[in-house]
Amino acid sequence: MSALYVVSTPIGNLKDITYRAVEILSNVELILAEDTRKTKRLLAKYNIQKPLESFHEHNESEKIDLVISKLRFGTNVALVSDAGTPTISDPGFKLVRAAVQNDIQVFSIPGPSAILTALTASGLPTNQFFFLGYFPKKKSKQEDILVLIEDIISKKPTTIIFYESPYRVKETISVLAEKFPNRDVVIARELTKIHEEYIRGKLNELAKKNFVTRGEFTILLR
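Take the sequence shown: its letters are residues 1 to 222, numbered as in the UniProt record's numbering.
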């Protein structure tokens, strides 16, 4: 029986791919990729030559029926994102849901995750954490998230995690500092890459600090 494989890929260092991920990608009949150009580089490094199709937030809905049809007719399909674990702040959830609803087997091939990589090296407690995806851009939604964060941490000490782009990270730290000035924060940048960096301190301190705003960011606060 065919299956859909949700395959985690490296978040920066290509050596972090698992043996099982390479095996699955080498044996499926079709690979769905968020950005085929990025995935081609990964596949080339491990000499994997398989049909590759784009599958991202702008075409996911229109492609689901076709992918489900291929799965039902025996095609094994792998789903990958640009980096890390698919469906986590990345496309794929709708496809996985459709596969489950059609009684198609779905297997997750675990591997790199920016959330856990940042958390385990942050120095913040790891026993309980809450992931909020990307910090919202709109002011109204930011206010909703700030209320949610306050509600969560007022009930029980919890490490809050979210992603942010290099273009907005300083603004987001300032917004958080206004609401939670004395909370501990860790800014994890360029995880697993050559310029990997962790910036630690209180929110009100880091809001005033100049730091490099290039690369991918994961923010953790407690």
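The beta carbon of each residue, even a glycine, is placed where N, CA and C say it ideally should be.
Within the same chain, and ignoring the five residues on either side of valine 28 in sequence, the residues whose Cβ sits closer than 7 Å to its Cβ are Tyr5, Lys50, Asn76, Val77, Ala78. Annotation: the continuous alpha helix (DSSP H) that includes tyrosine 19 extends over 19-27. DSSP, read as helix, strand or coil, puts lysine 40 in helix. Three or more Cβ pairs drawn from the segment 184-199 and the segment 113-133 lie within less than 8 Å of each other, which places the two stretches in contact.
With the rule of 3 Cβ pairs closer than 8 Å, the segment 135-148 does not count as touching the segment 29-44. The shortest C-alpha to C-alpha distance from serine 154 to any of Tyr19, Leu52, Ser61, Arg222 is the one to Arg222. Of all C-beta pairs linking the segment 196-208 to the segment 106-114, fewer than three are shorter than 8 Å, placing the two stretches out of contact. At least 9 Å separates the beta-carbon of alanine 99 from that of glycine 12. Annotation for asparagine 204: Ala177, Pro181 place their beta carbon closer than 6 Å to its own, counting only its chain and skipping 5 residues before and after. Tyrosine 134 has Tyr163 as its beta-bridge partners, per DSSP. Remark: C-beta atoms of glutamate 34 and phenylalanine 55 approach each other more closely than 9 Å.
The DSSP-derived three-state label of phenylalanine 129 is strand. In this structure, leucine 71 places its C-beta atom within 9 Å of the C-beta atom of asparagine 102. In this structure, the CA atom of aspartate 90 is about 23 Å from the CA atom of serine 122. Look at alanine 33 here: in three-state DSSP terms it is strand. Around the C-beta of glutamate 150, fewer than 16 other C-beta atoms lie within 10 Å, and the residue is accordingly described as exposed. Note on geometry: alpha-carbon atoms of phenylalanine 217 and threonine 126 lie some 19 Å from one another.
For threonine 218, the enclosing beta strand (DSSP E) starts and ends at 217-221. Per DSSP, lysine 70 is one residue of the alpha helix (DSSP H) stretching across 60-72. Judged by DSSP in its simplified three-state form, isoleucine 149 adopts helix.
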